[in-house]
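The structure under discussion appears below in the form of structure tokens.
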Amino acid sequence: MSIAHKSRTELLTLARTLVQPLSSRFHKGQAGKIAVIGGSEDYTGAPFFAAHSAATVGADLSHVVCEIGAATVIKSYSPDLMVHPYLQEAAHAPKAIGDKVRKIPLEKLPEANAEVDSYVDENVMPKVLALLERIDVVVLGPGFGRDHLMLRTLVKILEQIKVMNKPVILDADALFLVAKAPSVVKNYKNAILTPNVVEFGRLAEAVGVDPKADSADGAMQLSKALGGVTVVRKGAQEIIAQEDLHVVSDAPGSPRRVGGQGDTLTGAIATFVAWAQNYHRGLWDVSTNLSKQESRIIACFAAANVVREASRLAFASKRRAMQTSDVHNHLGEAYETLIGSEHGKM
Numbered sequence: 001m002s003i004a005h006k007s008r009t010e011l012l013t014l015a016r017t018l019v020q021p022l023s024s025r026f027h028k029g030q031a032g033k034i035a036v037i038g039g040s041e042d043y044t045g046a047p048f049f050a051a052h053s054a055a056t057v058g059a060d061l062s063h064v065v066c067e068i069g070a071a072t073v074i075k076s077y078s079p080d081l082m083v084h085p086y087l088q089e090a091a092h093a094p095k096a097i098g099d100k101v102r103k104i105p106l107e108k109l110p111e112a113n114a115e116v117d118s119y120v121d122e123n124v125m126p127k128v129l130a131l132l133e134r135i136d137v138v139v140l141g142p143g144f145g146r147d148h149l150m151l152r153t154l155v156k157i158l159e160q161i162k163v164m165n166k167p168v169i170l171d172a173d174a175l176f177l178v179a180k181a182p183s184v185v186k187n188y189k190n191a192i193l194t195p196n197v198v199e200f201g202r203l204a205e206a207v208g209v210d211p212k213a214d215s216a217d218g219a220m221q222l223s224k225a226l227g228g229v230t231v232v233r234k235g236a237q238e239i240i241a242q243e244d245l246h247v248v249s250d251a252p253g254s255p256r257r258v259g260g261q262g263d264t265l266t267g268a269i270a271t272f273v274a275w276a277q278n279y280h281r282g283l284w285d286v287s288t289n290l291s292k293q294e295s296r297i298i299a300c301f302a303a304a305n306v307v308r309e310a311s312r313l314a315f316a317s318k319r320r321a322m323q324t325s326d327v328h329n330h331l332g333e334a335y336e337t338l339i340g341s342e343h344g345k346m
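Residue numbers are given in UniProt numbering: position 124 of the sequence shown equals residue 124, and the series is strictly consecutive.
What follows is the structure, given as structure tokens:
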């Protein structure tokens with residue numbers, strides 16, 4: 001039976017087979033090394049929530065690669081995250097570079113620019129690439145901002161992620177760039193896009209999909225229009241689609257719509273996707289034989305359900321006072337309720 005026709009209980013049972021077991025035979029890092037690339041002077045919370053969610057759900061190592069002006073603030077949020085101030089906004093680059101990159105139209109940023117690229121290649125990319133080589137899953141976009149030098153750097157980082165063939169989850173400002181230039185992600189099936197209603201509308205219009213299409217049909221159309229990327233269409237329910245296959249996450253959550261909950265979901269997805277990779281690498285004995293497409297969709301489904309349950313618990317406790325940090329305080333409990341530690345032991 002296709003996973004598209006399975007119940008929530010059946011999908012969560014399959015999700016448990018993707019969860020990497022807790023075992024003394026694994027070493028630090030094998031249960032997931034996540035890098036969140038984002039964070040700027042104005043937006044420091046988003047990358048923190050994504051990276052902290054990845055770690056709290058169960059990734060071994062969680063990194064944040066951010067703009068110079070954001071690093072100290074993000075480091076102050078938690079000692080559990082590794083924070084790398086490798087990115088630069090135009091204001092922190094030499095004036096000639098800043099002036100030049102600001103004149104480039106957004107839709108032209110994916111195109112090579114010798115002077116700007118030379119600066120980025122020399123001053124930013126070496127450190128970023130050295131880290132990416134050690135990473136399992138990349139999250140790109142939370143708190144990135146729309147500074148032109150940052151966005152040109154985002155394009156170059158995404159190019160290298162594709163060369164390395166690593167899973168990448170695009171959110172927030174990364175989706176803004178994709179809407180301006182869909183070619184940066186088209187046909188890369190290791191990409192997961194997590195648009196909210198506004199971001200979905202921009203992406204749909206950019207590739208000729210009706211932004212008002214039925215939720216499931218629209219998500220599948222967008223996936224196909226972008227060459228088979230996975231789409232997690234956020235809203236009252238999450239529609240998770242890759243081409244003609246989709247599932248729906250519609251468990252009870254929270255009626256609160258505070259900022260940061262989407263970043264929490266993005267980080268949780270990263271951890272489950274890292275485990276799904278290890279499932280296919282045969283790091284432990286499994287009783288199922290999921291395809292890579294199925295495991296990717298189930299990983300996103302599991303993450304969405306864990307975050308929804310954490311949001312439900314947080315709202316039950318805090319009501320209107322609920323903040324995203326309260327959701328994070330319940331991620332562990334939500335995971336135990338839906339997945340359970342007994343399903344992750346060897």
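Note that beta-carbon positions come from the ideal geometry of N, C-alpha and C, so glycine has one too.
| Which whole runs of the alpha helix (DSSP H) in the stretch 95-125 are 4 residues long or more, in chain order? | 95-102, 114-123
| query | Can you tell which of ASP214, PRO211, ASP244, VAL168 has its C-alpha closest to the C-alpha of SER223? | reply | Sequence index remark: in the sequence shown, residue 223 carries index 223 (1-based). Ranking the options by Cα distance to SER223, first place goes to ASP244.
| query | Which ranges does the beta strand (DSSP E) cover as unbroken runs of at least 3 residues, wholly within the stretch 118-181, from first to last along the chain? | reply | 137-140, 168-170
| Exposed or buried, which one is ARG25 when buried takes at least 16 other CB atoms within 10 Å? | Counted from its first residue, the sequence shown places residue 25 at position 25. So ARG25 counts as exposed.
| field | Sequence-distant residues of the same chain with beta carbon closer than 8 Å to MET346, five excluded per side | value | For this step, residue 346 is matched to residue 346 along the sequence shown. Its pLDDT being 48, under 50, MET346 is placed unreliably by the model, and the measurement read from it follows with that caveat. The residues are PRO21, LEU22, SER23, ARG25, TRP284.
| query | Looking only at C-alpha atoms, which of ILE37, LEU61, ALA55, ILE3 sits nearest to LYS28? | reply | Position 28 of the sequence shown holds residue 28. Per the Cα distances, LEU61.
| request: Please classify MET346: does DSSP put it in a helix, a strand, or coil? | output: Stepping through the sequence shown from its first residue, residue 346 is reached at position 346. Bear in mind that the predicted position of MET346 carries a pLDDT of just 48, short of 50, making it unreliable; the figure below should be weighed with that in mind. Three-state DSSP puts MET346 in coil, outside helix and strand.
| request: Compare the Cα-Cα distances from ASN289 to each of ILE169, GLY32, THR44, THR17 and report the closest residue. | output: If you number the sequence shown from 1, residue 289 lands on position 289. Nearest C-alpha to ASN289: THR17.
| query | Would you call the CB atoms of LEU226 and VAL247 closer than 8 Å? | reply | The residue given as residue 226 occupies position 226 in the sequence shown. The residue given as residue 247 occupies position 247 in the sequence shown. No, the pair does not count as a contact, with Cβ atoms beyond the cut-off.
| What's the C-alpha gap between ASN113 and MET322? | Residue numbering aside, residue 113 sits at position 113 when the sequence shown is read from its first letter. Residue numbering aside, residue 322 sits at position 322 when the sequence shown is read from its first letter. One C-alpha to the other measures close to 45 Å.
| query | By Cβ distance below 6 Å, which residues in the same chain neighbour ASN187 in space, the five residues on each side in sequence not counted? | reply | Here residue 187 corresponds to residue number 187 of the sequence shown, with the count starting at 1. If we look at ASN187 and ignore the five residues flanking it on each side, its Cβ neighbours are GLY227.
| said: Between the alpha carbons of ASP99 and SER317, how many angstroms are there, rounded? | reply: What you label residue 99 is simply residue 99 of the sequence shown in a count that begins at 1. What you label residue 317 is simply residue 317 of the sequence shown in a count that begins at 1. Looking at the two C-alpha atoms, the distance is approximately 50 Å.
| request: For the beta strand (DSSP E) holding TYR86, just list the boundary residues, first then last. | output: Taking the sequence shown and counting its residues from 1, the one referred to as residue 86 is at position 86. Note, TYR86: beta strand (DSSP E), 82-87.
| field | Inter-residue Cα distance where the pair is ILE239 and ASN278 | value | Here residue 239 is taken as the residue at index 239 of the sequence shown, counted from 1. Here residue 278 is taken as the residue at index 278 of the sequence shown, counted from 1. Each residue's Cα considered, the two are about 24 Å apart.
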